[in-house]
Amino acid sequence: IAATQPSTNWHLKENAREHHTSKFSSEELIVRRGQVFTLTFNAAEQPDQNLIFIAETGPKPSKAAKTLATFGISSTLSKEGWSAVLQSRSSNSVSISISSPHNAIIGRYKLSVQSGSSSPASLGTFVLLFNPWSSGDDVFMPSKAECEEYVLEEFGIIFAGNRNHVSSFGWNFGQFQGDIINICLSIMDRSLYYRQDPVTDVSHRHDPKYLGRVLSAMVNANDDQGVVLGNWSGKYEGGKNPSSWTGSGEILQSWKKSGFKPVKYGQCWVFAAVLTTVLRCLGIPTRTVTNFSSAHDADGNLRVDEFYDADGNHLERGADSVWNFHVWNESWFTRNDLGASYSGWQVLDATPQEESGGIYQCGPASRHAIKEGEVDLDYDCPFVFAEVNADCMYWNYDSATGKKTLIFSKSTEIGASISTKAVGRDDRVDVTNDYKYEEGSAKERDIFKKARKKLGLEDKFDPTAPTQEEIEQKPDISGKFKVVGSLEVGKDLNLLLVLENLQSDAKTVNVNMTAWSTLYTRRPVNEIWKGSISVTLSPKEEKQFPIKIKYPEYQQQLTTDKTIQVTAVCHVKDGIQVLVQRSITLDNPAINIQVLGEAKVNKEVVVEVVFTNPIDTEVTDCVLQVEGSDLLQGVLELRIPPLKASEKSSTKFKLIPSEAGSKHLLVNFSCDKFADIKTFKMVKVVH
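Numbered per full-length UniProt numbering, the sequence shown spans residues 1 to 687.
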């Protein structure tokens, strides 16, 4: 009798409510480890003592690998292993509660029941996830509000721009939508680790630090045909421009639909957002974090070198770079490998920058270890430490002679305004102080020295390093670029170059200036403008020189990152050169969303999107892209007719919300003159 298929009632609604998994839209039971769930199945009259349950996962389930558990019915639930207790029974059915251990392997399990000597009968499958609500779990997060934000929230805000001008845009993580959970499970089964040794890989899936590292490798396409293919060329033919995505769902669905071919294209925030979706889906509390003036120290000397020619052009020499911003992840779990003080937020980075252990993966690096300069601790602490702490050296390079001269060095440039979204609010929180001691303080310099020492940089002679004499040389003049008026795509860019003579005798200065459009990584793409001036500065005099770059001059050259780098190399007669530079990120014009009427579950509501063309020429190829978890399925794409100069367009569409609560609608508008104008609106949906 037991061999026939028992029909199982998984009590989906009740179990999901208890396990914080109600947001998944699945017909399969999804529960969290270390917590009880209940099921009822048909069973003929027989002593309950004889029922044996079998839970198994992975390709070759075994007790040794903890991928197989067999357990009978006991009087109380065990904290240690898998266990079951009888809830009730009738003449033909049994209700039982099953509990899994706090450190159970996560993934899809098959559950069977065996009675006496008969062969096991399958009860079906269920999915087991991490449990941040349970104090025994490695990912336990004591604050309920933080669990809500970092596991259950499907909307996020990603910070971008530059250190002088922080901007932000919304993102739809969508970890509970449609088939995302199955895609996340298949990501784990496609990693290099799994392909090399599936049994060992699955046996490590109880450990968030293992999975965090594996998934940081799988979200980028390098090495393993992972999810997203990076592209930092400024040319995105054959794929989508990284700045056009508004959520992870479309990316993960495309990856699966194409037969697991990498999705084109991503840049840092895309990798970070997709990793957030995958980790939140699996139950590991995760957030995106943006670091401004982020160092990519390719040679591990805690120093980034930038080179300029005499005309002020930024040269692509050497592998080091400073990005205007870089987005990575923090995930929350214990570090029993390092000790309690290193638990909490861990840095993971899925952007393929440098190999670690032969693969493009990064982390988990304990945030506490980074702050304390403990760069010898696992994993990849030196790289992350450099991202927020490296010293910056600016060199003049003469290509004719191959000679390089230090212009100046700066130890306070890197790692500014480190930002993440607030818990429960659409605001920015600054977490710079969690990564480092106050910039310029004695403690901060001590930690930097400690890190250099641990990396063996203090005792080694470095022929590429500047001499102490070079570092200490004092310039005769100082300079800066000031912005006048607004920084908006479609408007002229007005700047002032301010030069000040620091000495008590007059100085003659020849200034060569350039403006280039760049990517957010500050990689130069197109020259926009160049100019030069000769000036004499009286003792202690300050002078201002206006610079105007007209919209038609930069319009064709601008990248979708909307970033322009202006540079002035000042050649002071009989003095050392002075470099003045500024990275400028322009804002897109505004776009407006109005919800017309009250949003109710399963009722149509009309949304209006309004855009006014701010420039005096027609814009064409207008496309509106809309998405939002629980507000609409997938991504809605609407074509809009061309807009004449200053013309206003109004586009209306209908939504049918599927769930009550605070939801976010994300809009992305593009046309031939403006790329990816993004905005979002919170929509309160009522029953």
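Beta carbons are placed, not taken as given, at the ideal position from N, Cα and C, and that holds for glycine.
What do you reckon, are the CB atoms on residue i and residue j nearer than 8 Å?
{"i": "tyrosine 595", "j": "lysine 681", "result": "The residue asked about is misnamed: residue 595 is valine in this sequence, not tyrosine. Yes; because the gap between Cβ atoms is below 8 Å, this pair is in contact."}
{"i": "asparagine 494", "j": "lysine 562", "result": "no"}
{"i": "asparagine 172", "j": "threonine 290", "result": "no"}
{"i": "threonine 70", "j": "isoleucine 54", "result": "yes"}
{"i": "residue 715", "j": "lysine 450", "result": "Since the displayed the chain opens at 1 and closes at 687, residue 715 lies outside it and no answer follows."}
{"i": "lysine 66", "j": "serine 203", "result": "yes"}
{"i": "alanine 390", "j": "alanine 506", "result": "no"}
{"i": "lysine 684", "j": "glycine 628", "result": "no"}
{"i": "aspartate 320", "j": "aspartate 305", "result": "yes"}
{"i": "asparagine 592", "j": "valine 619", "result": "no"}
{"i": "asparagine 162", "j": "phenylalanine 292", "result": "yes"}
{"i": "serine 191", "j": "valine 214", "result": "yes"}
{"i": "valine 350", "j": "valine 219", "result": "Inspection of the sequence shows that residue 350 is occupied by alanine rather than by valine. Cβ distance < 8 Å, so alanine 350 and valine 219 count as in contact."}
{"i": "alanine 43", "j": "serine 93", "result": "yes"}
{"i": "aspartate 434", "j": "arginine 367", "result": "yes"}
{"i": "glycine 239", "j": "lysine 256", "result": "no"}
{"i": "threonine 125", "j": "glutamine 87", "result": "no"}
Under DSSP, the alpha helix (DSSP H) around residue i begins and ends at which residues?
{"i": "glutamine 196", "result": "192-196"}
{"i": "leucine 211", "result": "208-218"}
{"i": "leucine 279", "result": "268-282"}
{"i": "threonine 432", "result": "432-435"}
{"i": "arginine 445", "result": "442-454"}
{"i": "alanine 295", "result": "Looking at the DSSP string, alanine 295 is not in any alpha helix (DSSP H); the run it does join, the beta strand (DSSP E), is 286-296."}
{"i": "valine 384", "result": "381-389"}
{"i": "arginine 17", "result": "12-18"}
{"i": "isoleucine 181", "result": "180-188"}
{"i": "glutamine 503", "result": "Element bounds for glutamine 503: n/a, residue is neither H nor E."}
{"i": "tyrosine 308", "result": "Not the alpha helix (DSSP H): tyrosine 308 falls in the beta strand (DSSP E), residues 303-308."}
{"i": "lysine 371", "result": "367-371"}
{"i": "proline 546", "result": "Premise fails: proline 546 lies in the beta strand (DSSP E), 542-549, not in any alpha helix (DSSP H)."}
In whole angstroms, give me the CA-to-CA distance for residue i and residue j.
{"i": "arginine 452", "j": "glutamine 468", "result": "17 Å"}
{"i": "proline 475", "j": "isoleucine 576", "result": "6 Å"}
{"i": "alanine 3", "j": "tryptophan 345", "result": "Because the pLDDT of alanine 3 is 46, which lies under 50, any placement of that residue in the model is unreliable, and the question is left without a value."}
{"i": "serine 134", "j": "isoleucine 106", "result": "15 Å"}
{"i": "isoleucine 564", "j": "threonine 518", "result": "6 Å"}
{"i": "asparagine 501", "j": "tyrosine 554", "result": "32 Å"}
{"i": "arginine 17", "j": "glutamate 659", "result": "15 Å"}
{"i": "serine 115", "j": "glutamine 35", "result": "25 Å"}
{"i": "phenylalanine 325", "j": "threonine 521", "result": "7 Å"}
{"i": "threonine 617", "j": "glutamine 177", "result": "41 Å"}
{"i": "valine 623", "j": "serine 216", "result": "33 Å"}
{"i": "isoleucine 157", "j": "serine 99", "result": "36 Å"}
{"i": "alanine 369", "j": "valine 375", "result": "7 Å"}
{"i": "isoleucine 1", "j": "glycine 136", "result": "In this prediction, isoleucine 1 has a pLDDT of 39, which is less than 50 and means its spatial position is unreliable; nothing more can be read from the coordinates."}
{"i": "serine 417", "j": "serine 583", "result": "16 Å"}
{"i": "lysine 480", "j": "threonine 651", "result": "44 Å"}
{"i": "isoleucine 52", "j": "alanine 221", "result": "44 Å"}
Contact criterion: CB-CB distance below 8 Å. Does residue i meet it with respect to chain B?
{"i": "glutamate 500", "result": "Absent from the structure: chain B. Only one protein chain is present."}
Can you tell which of the options has the C-alpha that lies nearest to the C-alpha of residue i?
{"i": "aspartate 207", "options": "Ser478, Leu275, His102", "result": "His102"}
{"i": "histidine 314", "options": "Pro352, Val278, Ser399", "result": "Ser399"}
{"i": "asparagine 231", "options": "Lys256, Tyr210, Pro262, Ala16", "result": "Pro262"}
{"i": "methionine 461", "options": "Asn301, Gly34, Ala350, Ser91", "result": "Note that residue 461 is phenylalanine in the sequence shown here, rather than methionine. Residue Asn301 is the option with its Cα nearest to phenylalanine 461."}
{"i": "proline 120", "options": "Val127, Phe126, Ser112", "result": "Ser112"}
{"i": "leucine 499", "options": "Ser486, Thr536, Lys264", "result": "Thr536"}
{"i": "proline 657", "options": "Ile640, Leu636, Leu632, Phe674", "result": "Leu632"}
{"i": "lysine 654", "options": "Lys648, Cys362, Ser670, Gly597", "result": "Gly597"}
{"i": "alanine 273", "options": "Gly634, Asn329, Val509", "result": "Asn329"}
{"i": "glutamine 503", "options": "Gly485, Glu444, Ser538, Asn15", "result": "Ser538"}
{"i": "lysine 530", "options": "Val483, Ala104, Gly312", "result": "Gly312"}
{"i": "threonine 286", "options": "Phe307, Cys392, Gln175", "result": "Gln175"}
{"i": "phenylalanine 333", "options": "Ala442, Leu211, Tyr394", "result": "Leu211"}
Beta strand (DSSP E) containing residue i: first to last residue?
{"i": "asparagine 510", "result": "507-518"}
{"i": "serine 112", "result": "107-115"}
{"i": "lysine 663", "result": "661-670"}
{"i": "alanine 55", "result": "51-56"}
{"i": "serine 95", "result": "93-99"}
{"i": "tryptophan 345", "result": "344-348"}
{"i": "arginine 639", "result": "636-640"}
{"i": "glutamine 253", "result": "Not the beta strand (DSSP E): glutamine 253 falls in the alpha helix (DSSP H), residues 249-257."}
Inspect the CB distances between the segment 407-427 and the segment 339-353 and report whether three or more fall short of 8 Å. Short answer: they don't touch.
Hey, is the segment 215-232 in contact with the segment 143-162, meaning 3+ C-beta pairs nearer than 8 Å? With the cut-off at 8 Å, the segment 215-232 and the segment 143-162 do not touch.
At least 3 beta-carbon pairs within less than 8 Å: the segment 498-514 vs the segment 555-575: Yes: at least three Cβ pairs fall under 8 Å.
Inter-stretch contact at 8 Å, needing at least 3 Cβ pairs: the segment 579-589 / the segment 667-687: The segment 579-589 makes contact with the segment 667-687; the number of CB pairs closer than 8 Å reaches 3 or more.
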